[in-house]
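Participant: Below you'll find the structure I mean.
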Amino acid sequence: MQNSSALQVAIVGTGYVGLTTGVALAHLGHTVVGVDQDPGKVQMLREGRSPIHEVHLEDLLRASGEQLRFTTHLSEGLQGADVAIIAVGTPPKPNGEADTRYVEAVAREIAQHLTEGQRLVVVVKSTVPIGSNQRVASVIARVLRERQVQAHVSFASNPEFLREGMALYDTFYPDRIVVGTADDHATTVLRQLYRPLLEQTFTPPPGLPRPSAFPLPPLVTTDTTSAEMIKYAANAFLATKISFINEIAGLCERVGADVTEVARGMGLDTRIGSRFLQAGLGWGGSCFPKDTQALQAVAAEYGYTMPIIQAARDVNARQRKLMVEKLQRTLKVLRGRTVAVLGLAFKPGTDDVRDSAGMDVLRMLLECDVHLRAYDPVALDAAQRALPDMEVDWAYTAQEALEGADAVLIATEWEEFQTLDWAVLATRMRTPVVVDGRNVLNPAALRAAGFTYVGVGR
Ligand code: UGA
6 MQNSSALQVA
16 IVGTGYVGLT
26 TGVALAHLGH
36 TVVGVDQDPG
46 KVQMLREGRS
56 PIHEVHLEDL
66 LRASGEQLRF
76 TTHLSEGLQG
86 ADVAIIAVGT
96 PPKPNGEADT
106 RYVEAVAREI
116 AQHLTEGQRL
126 VVVVKSTVPI
136 GSNQRVASVI
146 ARVLRERQVQ
156 AHVSFASNPE
166 FLREGMALYD
176 TFYPDRIVVG
186 TADDHATTVL
196 RQLYRPLLEQ
206 TFTPPPGLPR
216 PSAFPLPPLV
226 TTDTTSAEMI
236 KYAANAFLAT
246 KISFINEIAG
256 LCERVGADVT
266 EVARGMGLDT
276 RIGSRFLQAG
286 LGWGGSCFPK
296 DTQALQAVAA
306 EYGYTMPIIQ
316 AARDVNARQR
326 KLMVEKLQRT
336 LKVLRGRTVA
346 VLGLAFKPGT
356 DDVRDSAGMD
366 VLRMLLECDV
376 HLRAYDPVAL
386 DAAQRALPDM
396 EVDWAYTAQE
406 ALEGADAVLI
416 ATEWEEFQTL
426 DWAVLATRMR
436 TPVVVDGRNV
446 LNPAALRAAG
456 FTYVGVGR
């Protein structure tokens with residue numbers, strides 16, 4: 006679908022963010038080169054295989070044809086490129102700060118390959134600490150000076166707001182697109198890049214229909230520092246919202262209220278909104294834990310404290326411990342018991358087990374000498390790789406995990422767990438106890454099936 010407004014884009018880093026963005030931009034008609042230093046990954050991608058589990062990603066990757074290529078050579082990606090998007094990882098340093106060394110290395114390499122007179126918009130999509138965009142600009146300027154090359158480089162911060170498991174949906178149907186820059190050329194080019202999204206003129210990819218009455222997403226143009234802050238503030242707010250409802254859930258349990266009802270009643274207030282008010286085991290993954298920590302690290306640099314963010318993190322950690330306590334209160338003695346943990350991914354729709362609540366509970370239960378069975382429909386391999394030496398019986402079906410168990414704990418709200426035949430499963434367990442760490446089962450139905458049901462805040 007080549008058109009006159011199509012741009013040439015190099016995307017550096019083919020992780021969640023880079024790959025999803027690349028595949029989506031190719032679908033929008035741009036010509037995209039995905040650059041990754043890992044030859045194995047590049048080979049996989051060339052064969053149309055996705056290194057990550059993300060719904061529709063592989064189909065779209067295969068359908069992208071000439072629009073999307075992959076290489077290990079940045080110079081190849083930069084040839085004729087209008088835009089270079091940096092989407093490499095920013096893992097946490099021991100002090101919680103996000104490590105921007107890979108971002109800076111890419112910036113340096115971009116500068117090394119720029120040619121005399123080349124015009125390029127460098128976009129930072131990686132989640133980076135405040136001031137990093139400035140740093141990228143100065144790194145590139147320095148290398149160009151050293152090489153005595155004159156190139157016209159513009160810079161923009163363009164944070165992503167995509168959820169794992171919903172990454173393509175969020176890319177095609179965003180709530181907003183944020184661009185932070187002081188450069189008019191960068192704004193013009195990014196507006197052109199995202200025009201099909203802003204105007205919703207693209208043909209929806211198979212399996213990803215446009216939601217009905219989808220409002221056109223605004224382009225939020227702002228300064229670079231504010232754009233960087235928007236990303237951290239949004240994630241910190243969402244994490245706090247979840248911790249807030251989890252804190253309320255604890256009080257609901259004590260006073261006899263049902264937190265799912267409370268969340269429904271609260272969420273209907275449009276000022277509050279119903280999303281991210283699902284009480285349970287709390288948040289995990291590669292973003293909320295890391296970003297809340299990084300925000301605190303930035304604050305500390307400026308001698309500032311963020312007690313709300315700290316409280317959100319504390320409540321989140323407590324939520325995991327409470328789940329083990331609930332099991333203990335129900336089973337009395339934990340040592341020697343057999344517990345089945347259903348769900349190891351940090352949320353449904355992904356095989357990502359990074360900072361997953363289920364994995365954490367698994368570790369805590371092992372410390373209590375519990376005999377563990379664990380099952381996840383997608384993340385089993387990733388979980389095994391993450392805990393290779395742990396004495397866990399990895400099960401290949403939920404039924405297998407529950408056979409003869411003293412209790413089952415739901416740690417991820419995979420749909421599959423809602424449709425299990427719980428009445429039959431009750432007869433297969435030694436004691437039918439369910440701790441529903443995500444409040445996804447119907448307590449009345451479970452009790453009718455013979456279970457002792459323990460939820461969160463209900
Ligand atoms: C999050 C943000 O939602 C994205 O907007 C952002 O772009 C992304 O981080 C990022 O910075 O890259 P993600 O980490 O993929 O996305 O997952 P979420 O869907 O936000 O869920 C995070 C955690 O919160 C999960 O463990 C989930 O189970 C938990 N959660 C979510 C709840 O416990 N309750 C809720 O109501 C919602």
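Going by our numbering, the first residue of the sequence shown is number 6, and it counts up by one from there.
Think of the CB as a built atom: it goes at the ideal place given N, C-alpha and C, for glycine as much as any other residue.
Out of curiosity, what's the CA-to-CA distance linking residue 434 and residue 242?
Facilitator: Counted from its first residue, the sequence shown places residue 434 at position 429. Counted from its first residue, the sequence shown places residue 242 at position 237. Rounded to whole angstroms, residue 434 to residue 242 spans 40 Å at the Cα level.
Participant: Can you tell me the Cα-Cα spacing of residue 171 and residue 151, whole angstroms?
Facilitator: Locating residue 171 in the sequence shown gives position 166, counting from the first residue. Locating residue 151 in the sequence shown gives position 146, counting from the first residue. When rounded, the distance between both Cα atoms is 43 Å.
Participant: Using the Cβ count rule (16 or more neighbours within 10 Å means buried), how would you classify residue 319?
Facilitator: Locating residue 319 in the sequence shown gives position 314, where the first residue counts as 1. Residue 319 is exposed by the Cβ-count criterion.
Participant: Would you report the Cα separation of residue 255 and residue 333, rounded to the nearest angstrom?
Facilitator: Translated into positions along the sequence shown, residue 255 becomes position 250. Translated into positions along the sequence shown, residue 333 becomes position 328. When rounded, the distance between both Cα atoms is 17 Å.
Participant: Over what stretch of residues does the alpha helix (DSSP H) that includes residue 429 continue unbroken?
Facilitator: What you label residue 429 is simply residue 424 of the sequence shown in a count that begins at 1. 427–433 is the extent of the alpha helix (DSSP H) around residue 429.
Participant: Hey, could you find the ends of the beta strand (DSSP E) residue 501 is sitting in?
Facilitator: It is not possible to answer for residue 501, since the shown part of the chain is limited to 6 through 463.
Participant: Which one of 406, 392, 393 has the shortest CA to CA distance from residue 382?
Facilitator: For the purposes of this step, residue 382 is taken as the residue at position 377 of the sequence shown. Of the candidates 406, 392, 393, the one whose C-alpha sits nearest the C-alpha of residue 382 is 406.
Participant: Thinking residue 94 and residue 20 are a contact (beta carbons under 8 Å), I'd like their distance in whole angstroms, please.
Facilitator: Residue mapping note: residue 94 aligns to position 89 of the sequence shown, counting from 1. Residue mapping note: residue 20 aligns to position 15 of the sequence shown, counting from 1. Indeed, because the Cβ distance is near 6 Å, the residues count as touching under 8 Å.
Participant: Which of the three DSSP states, helix, strand or coil, is assigned to residue 70?
Facilitator: The residue you call residue 70 lines up with position 65 of the sequence shown. Three-state result, residue 70: helix.
Participant: Apart from the five residues just before and just after residue 77, which ones in its own chain have a Cβ nearer than 8 Å to its Cβ?
Facilitator: As a first step, residue 77 is located in the sequence shown; it is residue number 72 there, counting from the start. Closer than 8 Å at the Cβ level, and outside the excluded window around residue 77, lie 40, 41, 42, 43, 44, 47.
Participant: Please go through the same chain and pick out, in chain order, the residues whose beta-carbon is closer than 6 Å to the beta-carbon of residue 165, but skip the five residues on each side of it.
Facilitator: On the sequence shown, position 160 is the one that residue 165 refers to. Contacts found: 22, 130.
Participant: Is it true that the CB of residue 53 sits closer than 8 Å to the CB of residue 66?
Facilitator: Position 61 of the sequence shown, counting from 1, holds the residue named residue 66. Position 48 of the sequence shown, counting from 1, holds the residue named residue 53. For residue 66 and residue 53, yes; Cβs fall inside 8 Å.
Participant: Output the distance between the C-alpha atoms of residue 416 and residue 153, rounded to the nearest integer angstrom.
Facilitator: As a working note, residue 416 is residue 411 in the sequence shown. As a working note, residue 153 is residue 148 in the sequence shown. Their Cα atoms are separated by approximately 57 Å.
Participant: How big is the Cα-Cα spacing for residue 342 and residue 459?
Facilitator: Working through the sequence shown from its first residue, we reach residue 342 at position 337. Working through the sequence shown from its first residue, we reach residue 459 at position 454. The alpha-carbon atoms of residue 342 and residue 459 are separated by roughly 17 Å.
Participant: Considering only heavy atoms of the ligand UGA, does any lie closer than 7 Å to the CB of residue 451?
Facilitator: Here residue 451 refers to the residue found at position 446 when the sequence shown is read from its first residue. Residue 451: no, Cβ never under 7 Å from the ligand UGA.
Participant: Any idea if residue 157 is buried or exposed, counting beta-carbon neighbours within 10 angstroms, 16 or more meaning buried?
Facilitator: As a first step, residue 157 is located in the sequence shown; it is residue number 152 there, counting from the start. The residue in question, residue 157, is exposed, as its Cβ has fewer than 16 Cβ neighbours within 10 Å.
Participant: Check whether the segment 384–396 touches the segment 82–102, counting contact only when three or more Cβ pairs, one atom from each stretch, lie closer than 8 Å.
Facilitator: Judged by Cβ distances under 8 Å, the segment 384–396 makes no contact with the segment 82–102, as fewer than three pairs qualify.
Participant: Could you pull out every residue in the same chain whose Cβ sits closer than 7 Å to the Cβ of residue 251, ignoring the five residues on either side in sequence?
Facilitator: Your numbering for residue 251 matches position 246 in the sequence shown. 284, 287, 320, 324, listed in sequence order.
Participant: Specify the secondary structure class of residue 23 as computed by DSSP and reduced to three states.
Facilitator: Start at 1 with the first residue of the sequence shown, and residue 23 comes out as number 18. In the structure shown, residue 23 sits in a helix (DSSP, three-state: H, G or I).
Participant: Under 7 Å from any heavy atom of the ligand UGA, does the C-beta of residue 283 make it?
Facilitator: Within the sequence shown, numbered from 1, the residue matching residue 283 stands at position 278. Checking the Cβ of residue 283 against the ligand UGA gives yes.
Participant: May I have the straight-line CA-CA distance separating residue 12 from residue 357, to the nearest angstrom?
Facilitator: What you label residue 12 is simply residue 7 of the sequence shown in a count that begins at 1. What you label residue 357 is simply residue 352 of the sequence shown in a count that begins at 1. Between residue 12 and residue 357, the C-alpha separation is close to 32 Å.
Participant: Would the beta-carbon of residue 243 be found less than 7 Å away from any heavy atom of the ligand UGA?
Facilitator: The residue labelled residue 243 in the question sits at position 238 within the sequence shown. True, at least one ligand heavy atom lies under 7 Å from that Cβ.
Participant: Thinking residue 132 and residue 296 are a contact (beta carbons under 8 Å), I'd like their distance in whole angstroms, please.
Facilitator: Here residue 132 is taken as the residue at index 127 of the sequence shown, counted from 1. Here residue 296 is taken as the residue at index 291 of the sequence shown, counted from 1. 6 Å between Cβ atoms; contact.
Participant: So, is residue 309 buried or exposed, given that buried needs 16 or more other C-beta atoms within 10 angstroms?
Facilitator: Here residue 309 corresponds to residue number 304 of the sequence shown, with the count starting at 1. Exposed, because fewer than 16 other Cβ atoms sit within 10 Å of the Cβ of residue 309.
Participant: What does residue 182 pair with, by DSSP beta-bridge criteria?
Facilitator: Taking the sequence shown and counting its residues from 1, the one referred to as residue 182 is at position 177. 224, per the DSSP bridge assignment.
Participant: Suppose the cutoff is 6 Å on Cβ atoms and the five residues either side in sequence are ignored; what does the same chain contact list for residue 98 look like?
Facilitator: Counted from its first residue, the sequence shown places residue 98 at position 93. The residues are 104.
Participant: Below 8 Å, how does it come out for the segment 430–448 and the segment 396–414: are there three or more Cβ pairs, yes or no?
Facilitator: Cβ pair count under 8 Å is three or more, so yes.
Participant: Going by alpha carbons, who is nearest to residue 222 out of 369, 377, 206?
Facilitator: To locate residue 222, count along the sequence shown from 1; it is residue 217. Residue 206 is the option with its Cα nearest to residue 222.
Participant: Which value, in whole angstroms, describes the spacing of the CA atoms of residue 218 and residue 178?
Facilitator: On the sequence shown, position 213 is the one that residue 218 refers to. On the sequence shown, position 173 is the one that residue 178 refers to. Distance between the alpha carbons of residue 218 and residue 178: 11 Å.
Participant: Roughly how many angstroms separate the alpha carbons of residue 367 and residue 422, rounded to a whole number?
Facilitator: Start at 1 with the first residue of the sequence shown, and residue 367 comes out as number 362. Start at 1 with the first residue of the sequence shown, and residue 422 comes out as number 417. If you take the alpha carbons of residue 367 and residue 422, they lie about 18 Å apart.
Participant: State the CB to CB distance for the pair residue 161 and residue 185, rounded to an integer number of angstroms; the pair is presumed to be in contact (CB under 8 Å).
Facilitator: By one-based count along the sequence shown, residue 161 stands at place 156. By one-based count along the sequence shown, residue 185 stands at place 180. Right, the Cβ-Cβ distance comes to about 6 Å (below 8 Å), so this counts as a contact.
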